[in-house]
Amino acid sequence: MSIASLSSKPHLFGLVVYCWLVLRPGWVGVGSNVEVLMRNLRYAVVLMGFSSLALLPALGLAHGGEDHSAPQTVLVQGDAPQRLADGQVRLAKSSQLALQILTQPTRAQSARNAIELAATVLQNPDYPGQLAALQDGIVQAGPDGLPKAGMPVKAGQILGYLQPTDTLLDRNNQQAQAAAVAAELAVLEDTIKRLAPLADYNSRNQLEQAKLKRRGLIKQRQLLEQSVQQALPLLAPATGVVSDVLVRVGQRVSAGQLLVQLVDPTQLWLDVSWFADAAPVDPQAYVGQFSQGLPLVAMGQQREHQRLPLYFALPAAAADQPTLRLGSLLNVTVQYGDYKTGLVVPRSALVRTVDNKWQVWVKTAAETFQAIDVSFTPLDATHVLVALPAPHHHAEGTPADHQHQPETLVLDAGMRLVVQGAALLSQVR
Numbered sequence: 203m204s205i206a207s208l209s210s211k212p213h214l215f216g217l218v219v220y221c222w223l224v225l226r227p228g229w230v231g232v233g234s235n236v237e238v239l240m241r242n243l244r245y246a247v248v249l250m251g252f253s254s255l256a257l258l259p260a261l262g263l264a265h266g267g268e269d270h271s272a273p274q275t276v277l278v279q280g281d282a283p284q285r286l287a288d289g290q291v292r293l294a295k296s297s298q299l300a301l302q303i304l305t306q307p308t309r310a311q312s313a314r315n316a317i318e319l320a321a322t323v324l325q326n327p328d329y330p331g332q333l334a335a336l337q338d339g340i341v342q343a344g345p346d347g348l349p350k351a352g353m354p355v356k357a358g359q360i361l362g363y364l365q366p367t368d369t370l371l372d373r374n375n376q377q378a379q380a381a382a383v384a385a386e387l388a389v390l391e392d393t394i395k396r397l398a399p400l401a402d403y404n405s406r407n408q409l410e411q412a413k414l415k416r417r418g419l420i421k422q423r424q425l426l427e428q429s430v431q432q433a434l435p436l437l438a439p440a441t442g443v444v445s446d447v448l449v450r451v452g453q454r455v456s457a458g459q460l461l462v463q464l465v466d467p468t469q470l471w472l473d474v475s476w477f478a479d480a481a482p483v484d485p486q487a488y489v490g491q492f493s494q495g496l497p498l499v500a501m502g503q504q505r506e507h508q509r510l511p512l513y514f515a516l517p518a519a520a521a522d523q524p525t526l527r528l529g530s531l532l533n534v535t536v537q538y539g540d541y542k543t544g545l546v547v548p549r550s551a552l553v554r555t556v557d558n559k560w561q562v563w564v565k566t567a568a569e570t571f572q573a574i575d576v577s578f579t580p581l582d583a584t585h586v587l588v589a590l591p592a593p594h595h596h597a598e599g600t601p602a603d604h605q606h607q608p609e610t611l612v613l614d615a616g617m618r619l620v621v622q623g624a625a626l627l628s629q630v631r
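Going letter by letter, the sequence shown gives residues 203 to 631 in my numbering.
Below, the structure is given as structure tokens:
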């Protein structure tokens, strides 16, 4: 074997040099010289290290000639959820059933601009739910005591009594009037007894007039006795539910003072605060409990602290909603303006990313899902509107390689949108 052939094989060349350096002392007749032997051994170890480094390029070129342009195959083990290299999520059918992943096709619809505003529940102003004192007096309990908050009542039901508190002069005047009526009534009784046996025409005429006057005096005496002795009943002004009782038994009240407040849960309004400069055109309010829009019944014409009040009527079914009590504060969605075309997406499909963006997930294959960034405008309490993508046209003369560049996926009509379980897909790593 020649020296040229050994130089082409670094590992064999290093082995030969190692043996020559180790055995060289014996060849020159210095076999007992240990120092020379150890020095040559150190040289041999260093040379073997350099020979090993020379082997690295040969190892890198091993199995040369293969085609490495094909995409790397991703090995998936079992049915475990996995995020692929391109950002998609692979989820087996069994895992989709376990996580209750639901999808629905997107479709283009017409919708209007919407905005979320603060609102307050108030009573319909046409409802007569306030009971006030007609005059000064002392409150007395009714047949079942004073009404309690939450008690249903009917129109005309006695809720209590008001004992008038007249001055001594007023009471003496009423007693004097009652005594005068009683005296005049006694005179009429004697006149009727005297005219009753007479049978002529004049006597009969006087008898009828006396009886008619007697009936009037009897009624007047009853009214005077009631004003002096009997308390005034406090009657419910309308059918409804007692909201608040503002007095107690034995309390002295003045004329016009509010005693009992009634509400009707089936006659409620929403007072919505509008702050935009221009008044809304044909507005409709949407509350989470109702799918139908609430009609506008009134709109204020004067702003207070830049607030323009909008009044919407709640349906009678609002009486069954615990969140729609009188005085409750809530957020409502108000739609206004002209209709626009876009993709109506349920809010359950929206997922917020770590960089404060909104995404939706679409099903690209039987077991793969991909996230898409979206921007939207709110429609109502449960849906948003995503604008349709603009049609993409390639200009003439565009290079073919530029045309085939991958484009960012956008949400379009006909895609299978994940409407339940989107947040679970975002957690797959």
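Backbone N, C-alpha and C define an ideal beta-carbon position, used for all residues, glycine too.
- Residue burial is scored here from C-beta neighbours: Q469 has at least 16 other C-beta atoms within 10 angstroms and is therefore classed as buried.
- Judged by their CB atoms, V465 and Q325 are nearer to each other than the 7 Å cut-off.
- Within the DSSP secondary-structure output, I574 pairs in a beta bridge with V562.
- One thing to note: Q572 has its Cβ within 7 Å of the Cβ of V564.
- By the Cβ-count criterion, F578 is buried, with 16 or more other Cβ atoms from all chains shown falling within 10 Å of its own Cβ.
- Contact annotation: the stretch 543-560 touches the stretch 615-625, with at least three C-beta pairs closer than 8 Å.
- Contact between the stretch 437-448 and the stretch 345-364 is present: three or more C-beta pairs spanning the two stretches fall below 8 Å.
- DSSP places S530 in the coil class of the three-state scheme, outside both helix and strand.
- Non-local beta-carbon contacts of T308 in its own chain, meaning distances under 6 Å to residues more than five positions away in sequence, involve L545, A615, M617, L619 in chain order.
- The DSSP-derived three-state label of K542 is strand.
- Taking a C-beta distance under 7 Å as the contact criterion, A440 and Y363 do not qualify as a contact pair.
- Nearest to T555 by alpha-carbon distance, out of S628, D484, V483, Q504, is S628.
- Assignment of G490 by DSSP, reduced to helix, strand and coil, places it in the coil class.
- Counted as a single uninterrupted DSSP element, the alpha helix (DSSP H) harbouring L626 occupies residues 624-628.
- Contact between V588 and L613 holds: CB atoms are separated by about 6 Å, below the 8 Å threshold.
- Contact holds between the stretch 326-342 and the stretch 469-485, because three or more Cβ pairs, one in each stretch, are under 8 Å apart.
- Counted as a single uninterrupted DSSP element, the beta strand (DSSP E) harbouring S445 occupies residues 442-447.
- As the crow flies, the alpha-carbon of A520 is around 28 Å from that of E506.
- For S312, the enclosing beta strand (DSSP E) covers residues 310-325.
- At the C-beta level, L390 and A412 come within 7 Å of one another.
- Residue pairing of P580 in beta bridges, as defined by DSSP: V586.
- In the three-state DSSP reduction, A384 falls in the helix class (H, G or I).
- Annotation for S296: the continuous alpha helix (DSSP H) segment containing it runs 295-301.
- For L512, the enclosing beta strand (DSSP E) has its first and last residue at 510-515.
- Using a Cβ-Cβ distance cut-off of 8 Å, the stretch 338-345 and the stretch 369-382 are not in contact, since fewer than three pairs of beta carbons, one from each stretch, lie closer than that value.
- Here the alpha carbons of L361 and H585 stand approximately 47 Å from one another.
- With fewer than 16 neighbouring CB atoms inside 10 Å of its own CB, A518 falls in the exposed class.
- Residue pairing by DSSP places R416 opposite no residue, since no beta bridge is assigned to it.
- With a cutoff of 7 Å on beta-carbon distance, V547 and W560 are scored as not near each other.
- Boundaries of the beta strand (DSSP E) harbouring A500: 498-501, taken from the DSSP string.
- Linking Y403 to L397 through their CA atoms gives a straight-line distance of about 11 Å.
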